[in-house]
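My numbering puts the first residue of the sequence shown at 229, with every later residue one more than the last. First up is the structure itself, then whatever we jot down about it.
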Amino acid sequence: MEGLSPWAIAVQNLFHGQDLPAMFKFDLAGYAVGIYHLNNSLWISVTCPLGVQIVLRPAYTPNDHLEITRVSKHELGLSLHLKGSIGDYTVLVNFPARDKPVIQYQTLIKLHKPLLIPFWPRDMVITGPDGGSQEMAGTVLVSQVGTRSGLQYVTLDRPESGAFLYFQNLTALNDYARLTETSLGNTVGGSWPELGFALPPTLKNKAIPAHREVVISDAFIAFDPDYPKDELAQARQFLELLADVYLVLPKPETRYYPWPEMVGKGLHDLEFSHGCWSHGAGQDYLNAYVADYQTPPELMVQLAVLMPLTDYYDWCKTDLPAIQKIRKGLDAFYSKKLKTVVRFLPALAGQLSGEEEQLQPNVMDSWYLHHPLLNLGRLAVRGDQQAKKLFLDSLDYTIQVARHFNYEWPVLYHMETLEVVKAETEPGKGGEKDVAGLYALVMLHAWQLTKLNKYLLEAKRAAKTLQGKGFDLFYQANNTAFGANAMLWLYQETKEQLYLDLAYLCLANLVKNMQLWDCDYGYARNYPTFFAVFPLNDAPYTAAYEEQEVFAALHNFLLYAENQAILPAVNILVPEFLRYVVNRAQYYYPPNLPKEMLSEKVKTGQVDHKLWIAIEDIHDGWEQSGTVGQEVYGAGVAFGIIPRHFYRVPGEDFWIFLDYPTAHFRHSSGQLSFSVKGDERFHCRMQILKTGKKVLPTFTVKTKTNVLSGKKVKNGHQEFTVPGNSTIHMHWS
229 MEGLSPWAIA
239 VQNLFHGQDL
249 PAMFKFDLAG
259 YAVGIYHLNN
269 SLWISVTCPL
279 GVQIVLRPAY
289 TPNDHLEITR
299 VSKHELGLSL
309 HLKGSIGDYT
319 VLVNFPARDK
329 PVIQYQTLIK
339 LHKPLLIPFW
349 PRDMVITGPD
359 GGSQEMAGTV
369 LVSQVGTRSG
379 LQYVTLDRPE
389 SGAFLYFQNL
399 TALNDYARLT
409 ETSLGNTVGG
419 SWPELGFALP
429 PTLKNKAIPA
439 HREVVISDAF
449 IAFDPDYPKD
459 ELAQARQFLE
469 LLADVYLVLP
479 KPETRYYPWP
489 EMVGKGLHDL
499 EFSHGCWSHG
509 AGQDYLNAYV
519 ADYQTPPELM
529 VQLAVLMPLT
539 DYYDWCKTDL
549 PAIQKIRKGL
559 DAFYSKKLKT
569 VVRFLPALAG
579 QLSGEEEQLQ
589 PNVMDSWYLH
599 HPLLNLGRLA
609 VRGDQQAKKL
619 FLDSLDYTIQ
629 VARHFNYEWP
639 VLYHMETLEV
649 VKAETEPGKG
659 GEKDVAGLYA
669 LVMLHAWQLT
679 KLNKYLLEAK
689 RAAKTLQGKG
699 FDLFYQANNT
709 AFGANAMLWL
719 YQETKEQLYL
729 DLAYLCLANL
739 VKNMQLWDCD
749 YGYARNYPTF
759 FAVFPLNDAP
769 YTAAYEEQEV
779 FAALHNFLLY
789 AENQAILPAV
799 NILVPEFLRY
809 VVNRAQYYYP
819 PNLPKEMLSE
829 KVKTGQVDHK
839 LWIAIEDIHD
849 GWEQSGTVGQ
859 EVYGAGVAFG
869 IIPRHFYRVP
879 GEDFWIFLDY
889 PTAHFRHSSG
899 QLSFSVKGDE
909 RFHCRMQILK
919 TGKKVLPTFT
929 VKTKTNVLSG
939 KKVKNGHQEF
949 TVPGNSTIHM
959 HWS
């Protein structure tokens with residue numbers, strides 16, 4: 229603790245060693261909760277079993293006195309109405325999870341006069357137990373960065389009093405942000421012991437208007453009395469606490485989007501748009517970005533599109549010329565000198581500008597070696613002989629590099645000398661920490677393909693180096709998701725608990741970098757953002773390519789998790805993330821966005837508003853998007869979604885769509901059964917999609933215990949609401 233603000237000192241003086249008169253007292257699963265009306269604030273004090281207090285301030289008025297005007301109790305909590313000189317407050321205090329220590333409070337204000345907010349104190353201060361001989365201590369392990377979730381995960385270290393998750397539901401504050409033209413990024417933070425949410429200041433002189441009720445806080449706090457002894461326990465606890473909050477969190481509605489109708493447009497533009505391709509060394513190659521003709525072709529780009537295209541081909545069994553076009557150029561990325569595939573096309577590497585460190589011949593960004601190998605390995609397992617040869621011929625070099633760096637990869641290194649070109653992302657932050665998980669997955673595919681135990685041993689060695697990285701493991705979202713797959717695969721093979729715990733550590737790092745709120749101000753009123761994932765720790769935007777790959781990887785994660793005793797939080801959070809990707813991802817395509825929200829200044833290439841190729845970046849609502857470019861290597865979004873969420877019923881003129889992950893489809897004449905993953909407390913959308921001119925037959929849809937009722941929707945389709953973690957039986961005549 230380096231210093232305290234006057235507001236934090238006032239709270240500590242008020243609540244430490246004082247026997248204050250409480251308006252209400254509750255016992256909440258072993259936590260003592262008191263509600264206090266003192267001076268210019270309303271307070272909620274939560275006392276842990278060992279005496280540590282988390283003091284929350286739902287209502288505050290500066291230099292004034294709040295008067296209680298009315299209090300009413302209800303089934304889940306109580307409502308308090310207060311009056312101050314600036315306006316009237318309503319505070320709703322709820323205990324939404326009956327069997328768990330979860331508190332919610334929402335604060336609304338109706339002002340007498342328009343109000344500017346130059347400063348607002350944070351709404352949480354932690355104080356030590358009365359009479360304690362040692363100074364209390366705690367650790368903030370996760371806190372909001374940019375427009376990620378407005379949360380903090382905090383352990384109470386001295387005395388060891390468990391941990392809690394503070395979650396500000398920023399969706400509820402969109403009205404405040406719109407009225408004041410403020411961003412809700414970086415609003416949850418602070419330093420120990422003064423934490424939580426603070427209203428963003430009204431720097432643009434846009435006032436909160438008078439006589440209009442506006443939400444100024446909507447906080448959820450979930451507690452756990454168990455103290456996590458290490459990073460693995462912390463990861464599990466973080467996921468479980470977040471799941472506890474998610475169960476009671478208001479969530480935005482989803483809607484059906486006709487992905488199959490759109491995919492043809494994307495295929496056409498990918499194959500025929502001149503901006504997507506360049507010609508060099510006698511072959512056509514995909515550009516990384518539309519109209520980026522300066523950067524030589526990259527292997528990662530080719531395979532990042534080929535893999536989802538192959539998934540889509542396996543689903544539709546229709547000739548896709550782009551697949552063959554990409555395949556023709558792959559062999560040219562193999563260096564006989566280095567005995568490995570390389571990042572940039574060797575024949576054109578001399579054209580690299582050298583303006584950035586990675587734009588130099590034979591300089592490798594660590595994950596750029598392993599990502600193409602992963603896709604080559606996945607293709608090889610499917611029987612692709614070209615991919616198999618490139619994959620196997622590159623493994624010795626890949627292992628040599630891994631051992632040279634002792635499975636701790638730098639950001640950049642020279643491929644010939646293995647000299648480090650850039651060691652760390654930032655001084656003291658280390659290199660690409662999650663590459664060990666990506667490398668382990670490459671090795672597991674090598675083991676699957678060859679049955680040689682040396683590759684399994686390599687995967688295990690790399691996996692163990694993920695220990696000790698805690699919530700700083702995440703370098704890039706897709707790599708971390710692939711690492712989760714590798715760890716769960718290793719657990720499946722060995723039954724060693726360490727690997728399962730490392731899988732949870734990877735997932736916790738992913739969830740830390742998600743946006744569990746729906747931004748609805750500025751340009752963001754045109755697209756949803758709920759459950760988006762950010763590509764890098766410090767990225768100010770979400771990105772199509774990384775989202776699509778995390779989406780595909782987490783589908784695979786659930787496949788590895790079948791028949792495993794998985795943490796309940798995983799079955800809540802992962803299927804919900806997948807559902808919201810299907811709901812959201814179409815808004816990476818420029819034709820689905822208003823032209824004015826796309827930046828005219830583009831870092832790489834150009835953005836064509838009419839082209840069905842995803843833009844890389846979606847920003848905070850007050851900022852334009854598409855500033856990085858229109859990423860050709862993110863073109864796989866639709867090709868990855870359709871095979872995983874649309875089921876073609878053999879011999880029938882209809883398809884089945886579900887926005888939850890599914891498995892085990894079994895079809896016979898007039899009958900279909902399948903399993904829906906997830907948690908039974910959640911529901912998803914199922915549509916029966918008419919594909920011909922015939923009217924849909926009459927369907928009977930059942931779970932094990934219930935017959936489900938459907939409804940007719942647009943274009944003659946039918947829609948059902950289906951529970952998670954269920955088996956669905958369908959009959960039709």
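Even glycine gets a Cβ: it sits at the ideal position worked out from N, Cα and C. Computed from a predicted model, the values in this text were never measured in an experiment.
Helix, strand or coil at residue i [DSSP, three-state]
i, result
"V529", "helix"
"G582", "coil"
"C544", "helix"
"S901", "strand"
"L821", "coil"
"V778", "helix"
"Y596", "helix"
"L566", "coil"
"E295", "strand"
"A426", "coil"
"K250", "With the sequence shown as reference, residue 250 is identified as Ala, and Lys is not the correct amino acid for it. Of the three classes helix, strand and coil, the one that applies to A250 here is coil, per DSSP."
"C747", "coil"
"N322", "strand"
"A771", "strand"
"I841", "coil"
"P536", "helix"
"A550", "helix"
"G418", "strand"
"Y521", "coil"
Integer Cβ distance of residue i from residue j, believed to fall under 8 Å
i, j, result
"Y719", "A690", "So it is not a contact: roughly 15 Å between Cβ atoms."
"V860", "Y517", "6 Å"
"L527", "E644", "Not quite, the Cβ-Cβ distance comes to about 17 Å (not below 8 Å), so this is no contact."
"P342", "A438", "5 Å"
"I272", "P290", "Between P290 and I272 the Cβ distance is about 19 Å, and since that is not below 8 Å, they are no contact."
"I354", "Y394", "With a Cβ gap of about 11 Å, I354 and Y394 do not count as contacting."
"L669", "F710", "5 Å"
Beta-carbon proximity check, residue i vs residue j, cutoff 8 Å
i, j, result
"L467", "P525", "no"
"V761", "L801", "no"
"L880", "N953", "As written in the sequence, residue 880 is Glu, which differs from the Leu given in the question. No, the Cβ-Cβ distance between E880 and N953 is not below 8 Å."
"Y381", "P329", "no"
"D512", "K457", "no"
"G413", "G374", "yes"
"L376", "Q743", "This sequence places Arg at residue 376; Leu is not what is there. Against a cut-off of 8 Å, the Cβ pair of Q743 and R376 comes out as a contact."
"M352", "L284", "yes"
"V442", "D403", "yes"
"G779", "N737", "A quick correction: the sequence has Phe, not Gly, at residue 779. Not a contact, by the Cβ cut-off of 8 Å."
"G378", "V321", "no"
Selected residue, minimal CA-CA separation from residue i, among the options
i, options, result
"W960", "H895, S903, W850", "H895"
"D472", "G356, R326, G413, A435", "R326"
"G279", "P286, H265, W271, V261", "V261"
"V591", "F451, K650, E388", "K650"
"H673", "T626, A447, R606", "R606"
"W235", "L304, F758, W348, D292", "W348"
"H265", "D255, I282, G305, V319", "V319"
"P803", "N791, K545, H293, L787", "L787"
"P655", "R807, G611, P638", "P638"
"Y317", "S273, F425, I444", "I444"
"K617", "P574, A560, V663", "A560"
"P889", "F882, L256, G906, S501", "G906"
"I841", "E828, A813, D848, E851", "A813"
"G854", "R298, W675, P768, P600", "P768"
"S1037", "L537, H957, P249", "What is shown of the chain runs 229 to 961, which leaves residue 1037 out entirely."
"M251", "H507, A257, S307", "S307"
"S594", "V609, T626, G582", "T626"
"L573", "H599, A863, H507, P549", "H507"
"R350", "E363, S233, E388, F323", "S233"
Any C-beta of chain C under 8 Å from that of residue i
i, result
"D472", "In the structure shown, chain C cannot be found, because there is only a single protein chain."
Report the start-end ranges of each alpha helix (DSSP H) in the segment 855-891 that is 4 residues or longer and not cut off at the edges. 865-873
What alpha helix (DSSP H) runs, 4 residues minimum, are completely inside the segment 621-697? 663-678, 681-692
At what residue ranges does the segment 329-393 contain a whole run of the beta strand (DSSP E), taking only runs of 3 or more? Here the runs fully enclosed are 330-339, 352-355, 365-371, 378-386.
For the segment 930-959, which segments carrying the beta strand (DSSP E) assignment without a break, of at least 3 residues, lie completely within its bounds, in sequence order? 938-940, 946-951
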